[in-house]
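Asker: Numbered by numbering that gives the first Met the number 0, the letters in the sequence shown go through residues 0 to 234 in order.
Cβ atoms here follow ideal geometry from the backbone N, Cα and C, with glycine treated the same way.
Bear in mind that the values here come from a model prediction, so they are computed numbers and not experimental data.
Shown below is the structure under consideration.
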Amino acid sequence: MAEPVLQIPEGWDGRVPDGWEWRTLWDAVETGDHIYADSRVKESIAAEIHPKVILDDGLFPGFNLQGDRFTEQIIFIPEMLITARAMKAGLKLIRPLLAAMAVKPLGTFVMGTVLGDMHDIGQSIVSIMLENAGFNVINLGTDVHPDKFIEAARREQADLIGFSALLSTTVYYQKVTIEEFVKAGLRDKVKILIGGAPTTQEWADDCGADGWGKDAVVAVRLARELVGQPREAWA
Ligand code: B12
0 MAEPVLQIPE GWDGRVPDGW EWRTLWDAVE TGDHIYADSR VKESIAAEIH PKVILDDGLF
60 PGFNLQGDRF TEQIIFIPEM LITARAMKAG LKLIRPLLAA MAVKPLGTFV MGTVLGDMHD
120 IGQSIVSIML ENAGFNVINL GTDVHPDKFI EAARREQADL IGFSALLSTT VYYQKVTIEE
180 FVKAGLRDKV KILIGGAPTT QEWADDCGAD GWGKDAVVAV RLARELVGQP REAWA
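In structure tokens:
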């Protein structure tokens, strides 16, 4: 069945009706109930609550609660993915409205797993979390050659780039790819994050990366911080 097309009501002022119950939206995301998240977001839109408010005050609190639990290892990947699915159900309805209202994305993030490496579960989780946090994410997939990262960075005028690697043999390409950005004269135009189970802060420093994301929650926090820092402008 086709999704109903939601329209922005004329003169939408983003008011929140008296007694509006946010808790239900948090719950939907926190408990990973994507069907409930879908219906509650539709109700919120019908009640003429601004989509940014639905996102910030309704969906994010539930998502952040689970994100913190994931970092503290109280919950694990399956629960985080279920919560991400509920978040995505809500976002799917809100995203076109935000786009129509020209709410700008926080920045463009090009993500990929480095050359020779086929592992993509971790970087997909990071990508979903970045999208949910308001970034425009271009995911290049796995086994990405340094030239492909450079081409995508130029084409998208990326703000941030992420290199994932899961093998002790492929982490080396994180460093190589950063060196290729230096050679191409693009290093100062982008902020670079690396991640993946065998990586460490020490390795990130050695590579010359701007940050190391131990997990997806840290990755989003770092991306938010770095996007605000000074960079050379794209021509
Ligand atoms: C699933 C898996 C596979 C799947 C991958 C499926 C897929 N679509 O991804 C398959 C079966 C294909 C596979 C293949 C291989 N695998 Co494998 N695989 C795993 C396994 C079990 C889980 C990895 C995973 O998804 N973890 C879960 C995610 C969520 O964690 P994560 O990736 O670390 O991501 C988190 C953070 O690191 C961070 N993060 C990740 N990326 C990024 C990027 C950025 C920018 C940032 C900021 C943060 C960030 O955020 C994520 C979310 O919190 C691990 C063992 C393990 N238990 O870890 C072995 C493992 C990684 N594989 C291993 C090996 C050896 C292989 C093979 C070489 C096996 C073989 N002989 O063929 C091949 C390699 C193929 C290739 N060329 O890549 C070894 C690596 C050993 C080493 N140190 O080099 C491991 C550790 C298993 C082991 N103990 O031996 N594998």
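1) Check whether the stretch 39-57 touches the stretch 81-101, counting contact only when three or more Cβ pairs, one atom from each stretch, lie closer than 8 Å.
2) Look up E161 in the DSSP assignment and say whether it is helix, strand or coil.
3) Sorted by chain position, which residues of the same chain lie with C-beta nearer than 8 Å to D119's C-beta, five sequence neighbours on each side aside?
4) Three-state secondary structure (DSSP) at K41?
5) So what does DSSP say about G57, is it helix, strand or coil?
6) Note the first and the last residue of the continuous alpha helix (DSSP H) segment covering W25.
7) Starting from F108, follow its DSSP beta bridges and name the residues at the other end.
8) Apply the 10 Å Cβ neighbour rule to R39 and answer buried if 16 or more other Cβ atoms are within range, or exposed otherwise.
9) Quick one: grab the DSSP three-state call for W236.
10) Between the Cα of R153 and the Cα atoms of A234, P197, R84 and T176, which residue gives the shortest distance?
11) Looking at A85 and V28, is the spacing between their C-beta atoms short of 9 Å?
12) Name, in chain order, the residues that DSSP records as bridge partners for K190.
13) Do G194 and D209 count as a contact pair if the criterion is CB distance below 9 Å?
14) Quick check: does the Cβ of V125 come within less than 8 Å of any heavy atom belonging to ligand 1?
15) Looking at the structure shown, is G210 part of a helix, part of a strand, or coil, going by DSSP?
16) Does ligand 1 have a heavy atom nearer than 8 Å to the CB of F235?
17) Count the other CB atoms, across all protein chains shown, that sit within 10 Å of the CB of P197; report buried if there are 16 or more and exposed otherwise.
18) Per DSSP, what kind of secondary structure is V143 in: helix, strand or coil?
19) Going straight from the alpha carbon of E231 to that of I48, what length do you get?
20) How many whole angstroms separate the CB atoms of I177 and G133, which I take to be in contact at a CB cut-off of 8 Å?
21) Compute every distance between the C-beta of D116 and the non-hydrogen atoms of ligand 1, then say whether any falls below 8 Å.
22) Using beta-carbon positions only, say whether I124 and A83 come within less than 9 Å of one another.
23) Kindly indicate the opening and closing residues of the alpha helix (DSSP H) around K103.
24) Taking I160 and I127 to be in contact with their CB atoms under 8 Å, please state how far apart those CB atoms are, rounded to whole angstroms.
25) What's the call for I44, buried or exposed, on a 16-neighbour Cβ count within 10 Å?
Answerer: Working from what's here:
1) Proximity of the stretch 39-57 to the stretch 81-101 meets the contact definition, three or more beta-carbon pairs being nearer than 8 Å.
2) Sequence inspection shows Gly at residue 161; the Glu mentioned does not correspond to that position. The three-state secondary structure of G161, taken from DSSP, is strand.
3) Excluding five sequence positions before and after D119, the CB atoms of its chain that fall closer than 8 Å to its own CB belong to T112, G140, T141 and S163, given in chain order.
4) Assignment of K41 by DSSP, reduced to helix, strand and coil, places it in the helix class.
5) The answer is helix: DSSP assigns G57 an H, G or I state.
6) Element bounds for W25: R22 to E29.
7) Its beta-bridge partners are V136 and L159.
8) R39 counts as buried, since at least 16 other C-beta atoms from the protein chains shown sit within 10 angstroms of its C-beta.
9) Outside the modelled stretch of the chain, which goes from 0 to 234, sits residue 236, for which no answer is possible.
10) Taking only the C-alpha atoms, the option nearest R153 is A234.
11) Contact annotation: V28 and A85 have beta-carbon atoms nearer than 9 Å.
12) Answer is L159.
13) Result no, Cβ atoms of D209 and G194 do not sit closer than 9 Å.
14) Because some heavy atom of ligand 1 lies under 8 Å away, the Cβ of V125 counts as near it: yes.
15) It is a strand residue.
16) Shown here, the chain extends from 0 to 234; a query on residue 235 therefore has no answer.
17) An exposed status is given to P197, since fewer than 16 other beta-carbon atoms sit within 10 Å of its beta-carbon.
18) The DSSP-derived three-state label of V143 is strand.
19) If you take the alpha carbons of E231 and I48, they lie about 38 Å apart.
20) Not confirmed; about 26 Å, so no contact.
21) For ligand 1, at least one heavy atom lies less than 8 Å from the Cβ of D116.
22) Yes.
23) First-last for K103: undefined, no H or E at that position.
24) I160 to I127, Cβ: 17 Å. No contact.
25) Answer is buried; the Cβ neighbour count reaches 16.
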